[in-house]
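Reviewing the structure listed below.
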Amino acid sequence: MTYHRDVDNIISHLSPCLSLCVQVNLIQQYLAVQFSRQLKRPDYSPFTSILNALIFRRRNAHLEWAAVEMMQPSPGQTVLEIGYGLGYGVLFAAERVAPQTVDFLRTEGPWDRIARMLRPEKTDFANDGHVYGVDISRYMYDKACKRLKPLIREGIVTLNLASVDHLPMLASSVDCCFHVDCFYYWPELTRSLKNLWRVLRPDGKLVTTFSAAQLRMFNKRGWLRYGRADPVAYALALESCGFDRVEWIKDHVSGRSKEPFDCILARKPPTRLLHSANSQTQSS
Numbered sequence: 001m002t003y004h005r006d007v008d009n010i011i012s013h014l015s016p017c018l019s020l021c022v023q024v025n026l027i028q029q030y031l032a033v034q035f036s037r038q039l040k041r042p043d044y045s046p047f048t049s050i051l052n053a054l055i056f057r058r059r060n061a062h063l064e065w066a067a068v069e070m071m072q073p074s075p076g077q078t079v080l081e082i083g084y085g086l087g088y089g090v091l092f093a094a095e096r097v098a099p100q101t102v103d104f105l106r107t108e109g110p111w112d113r114i115a116r117m118l119r120p121e122k123t124d125f126a127n128d129g130h131v132y133g134v135d136i137s138r139y140m141y142d143k144a145c146k147r148l149k150p151l152i153r154e155g156i157v158t159l160n161l162a163s164v165d166h167l168p169m170l171a172s173s174v175d176c177c178f179h180v181d182c183f184y185y186w187p188e189l190t191r192s193l194k195n196l197w198r199v200l201r202p203d204g205k206l207v208t209t210f211s212a213a214q215l216r217m218f219n220k221r222g223w224l225r226y227g228r229a230d231p232v233a234y235a236l237a238l239e240s241c242g243f244d245r246v247e248w249i250k251d252h253v254s255g256r257s258k259e260p261f262d263c264i265l266a267r268k269p270p271t272r273l274l275h276s277a278n279s280q281t282q283s284s
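The sequence shown lines up with residues 1 to 284 when you count with the UniProt record's numbering.
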């Protein structure tokens with residue numbers, strides 16, 4: 001009897017602790033599910049506001065800059081970003097491909113802005129390029145449009161609410177394409193990469209950057225349950241989809257990027273290689 005009484009006393013003392021542990025575990029699972037959903041497709045949710053403060057602004061901004069830096073677009077080129085988020089990457093790309101328009105907007109005074117509001121006229125810098133962006137999130141579309149409104153008004157940026165599998169672009173119309181923390185959520189990796197191959201011009205670049213440490217942290221917290229963060233599978237899929245010169249640069253630190261990042265870079269084969277192959281076949 002004494003033994004059973006002691007066991008009952010122990011259980012009665014442990015019950016509140018066990019109940020608290022169960023509640024904490026349930027809360028952690030709930031938060032993991034919510035953050036996983038918002039990472040995949042952000043919407044107007046308090047969890048998205050938290051991710052904006054902790055992830056998108058602090059961590060992803062430097063990855064966006066790093067992707068543009070590794071892509072090295074030139075003035076006058078056409079660039080596409082998949083999953084533009086808050087619009088930082090589009091802005092960084094616009095600084096590269098449309099420097100005249102961006103510099104003009106930065107040096108424009110308040111009275112100049114008022115005059116342009118009364119007589120709206122687009123700037124005409126013929127040598128400037130264009131940046132396109134697609135994202136599946138209405139929330140991110142609204143945020144990016146607000147941030148990039150002057151560039152959109154000047155006609156050097158176009159944002160679309162669309163997916164990587166349904167790009168509103170012509171074949172061979174883009175010089176460079178980049179994406180950050182995005183391919184984990186593509187429903188069919190091969191199909192999406194083939195669509196990017198379609199819109200890229202011959203010898204066009206495809207660049208993605210990511211933080212291996214951040215991915216490990218997301219996996220540990222269960223925040224990637226709705227995605228597949230497998231860079232190895234991505235790199236292998238690039239070659240199977242027709243890309244060549246695939247490079248994986250690990251733990252790279254460059255310029256404004258204070259934290260190390262990984263970069264996977266690939267190119268669409270140049271047309272001249274196809275012509276040379278055809279000529280060799282005909283000669284033989």
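All residues carry an ideal CB built from backbone N, CA and C; glycine is no exception.
What three-state label does DSSP hand residue i in the structure shown?
| i | result |
| --- | --- |
| Lys146 | helix |
| His166 | coil |
| Glu259 | coil |
| Leu273 | A caution first: Leu273 carries a pLDDT of 48, below 50, which makes its placement in the model too unreliable to give a value. |
| Ala266 | strand |
| Pro202 | strand |
| Ser45 | coil |
| Glu95 | helix |
| Leu224 | coil |
| Phe125 | coil |
| Ser36 | helix |
| Leu86 | coil |
| Ser192 | helix |
| Ala171 | coil |
Considering only DSSP beta bridges, list what residue i is partnered with.
| i | result |
| --- | --- |
| Asn160 | Val134 |
| Glu81 | Gly133 and Phe178 |
| Val207 | Phe178 and Leu265 |
From which residue to which residue does the alpha helix (DSSP H) around residue i run?
| i | result |
| --- | --- |
| Phe183 | Unbroken run through Phe183: none, as it is neither H nor E. |
| Ala233 | Pro231 to Ser240 |
Looking at the unbroken beta strand (DSSP E) that takes in residue i, where does it start and where does it end?
| i | result |
| --- | --- |
| Leu63 | No beta strand (DSSP E) holds Leu63; the alpha helix (DSSP H) holding it covers Asn60 to Met71. |
| Glu247 | Asp244 to His252 |
Counting only C-beta atoms, is residue i closer than 8 Å to chain C at any point?
| i | result |
| --- | --- |
| Leu86 | Absent from the structure: chain C. Only one protein chain is present. |
- Query: Is there contact here, the region 230-248 with the region 179-195, by at least three beta-carbon pairs under 8 Å?
  - Reply: yes
- Should the region 60-77 be regarded as contacting the region 176-186, the criterion being three or more beta carbon pairs within less than 8 Å? yes
- Item | the region 220-231 contacting the region 25-33, beta-carbon criterion three pairs below 8 Å | Yes: at least three Cβ pairs fall under 8 Å.
- Below 8 Å, can you find three or more Cβ-Cβ pairs linking the region 146-160 to the region 200-213? Of all C-beta pairs linking the region 146-160 to the region 200-213, fewer than three are shorter than 8 Å, placing the two stretches out of contact.
- Task: Flag this pair as touching only if the region 81-99 and the region 135-154 have three or more C-beta atom pairs under 8 Å; answer yes or no.
- Result: yes
- the region 96-109 / the region 124-132 touching (three or more Cβ pairs under 8 Å): yes
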